[in-house]
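Input: a single structure, listed below in structure tokens.
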Amino acid sequence: MAAAPSSSKSVESGSQAYLPDFCSTSTVFVVVLVAALVAIALTLAGTTDSGRFLFELSKTALFVLWLSLLGCAVMCVLRGRLEGAGKTRAFVLSFVVLLAMCLLLAEIAYQLTRIYAESVIIHDSHAGFLFRTFMVSAIVIALGMRYLYVASEWRRSIVLEAQARISALQALIRPHFLFNSMNTIASLTRTDPRQAEEAVEDLSDLLRATLNTAKNRVSLKQELETAAIYQRIEKLRLGDRLRVNWDVADLPMRALIPSLTIQPLLENAIYHGIELLPDGGEVTVTGRREDTDLVISMSNPVATGTERSKHGNKMAMGNIQQRFELAYGNRAAVNVSDESDRFTVTLRFPLEKDEA
Numbered sequence: 066m067a068a069a070p071s072s073s074k075s076v077e078s079g080s081q082a083y084l085p086d087f088c089s090t091s092t093v094f095v096v097v098l099v100a101a102l103v104a105i106a107l108t109l110a111g112t113t114d115s116g117r118f119l120f121e122l123s124k125t126a127l128f129v130l131w132l133s134l135l136g137c138a139v140m141c142v143l144r145g146r147l148e149g150a151g152k153t154r155a156f157v158l159s160f161v162v163l164l165a166m167c168l169l170l171a172e173i174a175y176q177l178t179r180i181y182a183e184s185v186i187i188h189d190s191h192a193g194f195l196f197r198t199f200m201v202s203a204i205v206i207a208l209g210m211r212y213l214y215v216a217s218e219w220r221r222s223i224v225l226e227a228q229a230r231i232s233a234l235q236a237l238i239r240p241h242f243l244f245n246s247m248n249t250i251a252s253l254t255r256t257d258p259r260q261a262e263e264a265v266e267d268l269s270d271l272l273r274a275t276l277n278t279a280k281n282r283v284s285l286k287q288e289l290e291t292a293a294i295y296q297r298i299e300k301l302r303l304g305d306r307l308r309v310n311w312d313v314a315d316l317p318m319r320a321l322i323p324s325l326t327i328q329p330l331l332e333n334a335i336y337h338g339i340e341l342l343p344d345g346g347e348v349t350v351t352g353r354r355e356d357t358d359l360v361i362s363m364s365n366p367v368a369t370g371t372e373r374s375k376h377g378n379k380m381a382m383g384n385i386q387q388r389f390e391l392a393y394g395n396r397a398a399v400n401v402s403d404e405s406d407r408f409t410v411t412l413r414f415p416l417e418k419d420e421a
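Note that the numbering used here has the sequence shown beginning at 66, numbered continuously upward.
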């Protein structure tokens, strides 16, 4: 069966996270960096005396950095409520809240200047200072909100595209597999009715797992069970020509993995490898844990000088790679080793356990 790309639960929820996580260190660092650049730009634009540049920069940077840090704190607290209002309202309300916060801090800064005139100096009138703060803040915040909106739409389009491909590709069950399975079941009804009944149940379970889109990620135990069902069905047809060596005892069975990852790899190994060998062969599946990562490898022999169309194989591999990229970003990898006599796929992804 063709594997379909799927956004993971984290990615899917991330697609609804219109605003960045202002509580994270990386986001705060970026905001502070941008604030520092804005302070430099404002100082360069407003200072003609090079001797006072550093002094003016220190004042401007202090004010702008306080604005940025306080803005991060406010957005960290209000992010959940703002996103609950919907995407468009979230950006509009964020703009209003941040702008109001900038004006409030500007008013506090100006009043402090009146009280502590010797240590804090603002060379501007009350209305002029508030107006300049309002205009600069409005422009910077509007540009930031626009960037975040575009980034949100981009993430949303990627996830929607992946979900659309899921719906389309999950229906692309290879006809040869269904035909072969039904023919095998038909022959078993005459020779071994009990085994034919078990094969029908296995096929039903496999189709249910393939067409189920409720979960983007499942436990490793469920994924291996789905692959084992597929192996049993193919074993009825190929007999002793098909051998699968599962060396996955060291893997944590509660670990999460994008659904329909192992079974499509096993199907490709059988369809493009074992079936083309007169005497069949052995598919080797190994799994291990490396620190905070899980590594799963599947290897199958290759028939020399004989191969089927690689389009289906490339489609399945592309789907798995896209799904891993959506689920884990650059924390995961899908590596392919296509040697003359052996084809190996290695999956590496971070360990995340199902706490349910």
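Built from N, CA and C at the ideal position, the CB exists for glycine as well.
Residue range 90-111 is occupied by the alpha helix (DSSP H) that includes residue 91.
Taking residue 416 as reference, the option from 331, 340, 322, 93 with the minimal CA-CA separation is 322. Under the DSSP definition of a beta bridge, residue 274 lacks any partner. By the neighbour-count definition (other C-beta atoms within 10 Å, threshold 16), residue 343 is an exposed residue. Under the DSSP assignment, residue 156 falls in the alpha helix (DSSP H) whose first and last residues are 152-180. Three or more beta-carbon pairs drawn from the region 399-419 and the region 355-371 are found closer than 8 angstroms, and the two stretches are therefore classed as touching.
According to the DSSP assignment, residue 128 belongs to the alpha helix (DSSP H) that extends over 118-149. Spatial neighbours of residue 101 in its own chain (CB-CB distance under 8 angstroms, excluding positions within 5 residues in sequence) are listed in chain order as 126, 129, 130. The three-state reading of DSSP puts residue 200 in helix, counting H, G and I together.
A straight-line Cα-Cα distance of about 53 angstroms links residue 409 and residue 204.
Its chain contains 195, 198, 199 as the residues whose beta carbon lies nearer than 7 angstroms to that of residue 168, once the 5 sequence neighbours on both sides are disregarded; these appear in chain order. Using a Cβ distance threshold of 8 angstroms, residue 311 and residue 350 count as a contacting pair. By the Cβ test, the region 133-152 is in contact with the region 89-97, since at least three Cβ pairs between them sit closer than 8 angstroms. The beta carbon of residue 242 sits closer than 6 angstroms to none of the beta carbons in its chain outside the five residues before and after it. Shown here, residue 312 sits in a strand according to DSSP, grouped into three states.
The C-beta distance from residue 147 to residue 158 rounds to 5 angstroms, short enough to meet the 8 angstroms contact threshold.
In this structure, DSSP gives residue 258 a helical state, which the three-state scheme calls helix.
Here residue 155 has 83, 84, 147, 148 as same chain residues with Cβ atoms under 7 angstroms from its own Cβ, once five neighbours each way along the sequence are excluded. With contacts defined as CB atoms closer than 8 angstroms, residue 345 and residue 307 qualify as a contacting pair. Note: residue 283 is bridge-paired with 322 in the DSSP secondary-structure output.
The beta carbon of residue 175 lies closer than 8 angstroms to those of 187, 191, 194, 195 in the same chain, with the five residues before and after it left out. For residue 347, the uninterrupted beta strand (DSSP E) segment begins and ends at 346-355. Its chain contains 307, 345, 346 as the residues whose beta carbon lies nearer than 6 angstroms to that of residue 339, once the 5 sequence neighbours on both sides are disregarded; these appear in chain order. Cβ-Cβ distances below 7 angstroms link residue 141 to 87, 88 in the same chain, with the five nearest sequence neighbours on each side left out; the list follows chain order.
Counting other Cβ atoms within 10 Å of its Cβ, residue 268 reaches 16 or more and is therefore classed as buried. When rounded, the separation of the alpha-carbon atoms in residue 252 and residue 296 is 18 angstroms.
Beta-bridge pairing by DSSP links residue 363 to 350, 410.
In this model, residue 166 and residue 189 are separated by some 20 angstroms (Cα to Cα). Your pair residue 305 and residue 352 does not check out as a contact, with CB atoms roughly 25 angstroms apart and the cut at 8 angstroms. Rounded to whole angstroms, residue 249 and residue 406 show a C-alpha spacing of 30 angstroms. About 15 angstroms separates the beta carbons of residue 329 and residue 285, which is beyond the 8 angstroms limit, so they are not a contact pair.
A distance below 8 angstroms separates the beta carbons of residue 320 and residue 418.
Distance from the CA of residue 118 to the CA of residue 354, rounded to the nearest whole angstrom, comes to 56 angstroms. The three-state secondary structure of residue 397, taken from DSSP, is coil. Residue environment analysis places residue 144 among the buried positions, since at least 16 neighbouring C-beta atoms fall within 10 angstroms of its C-beta.
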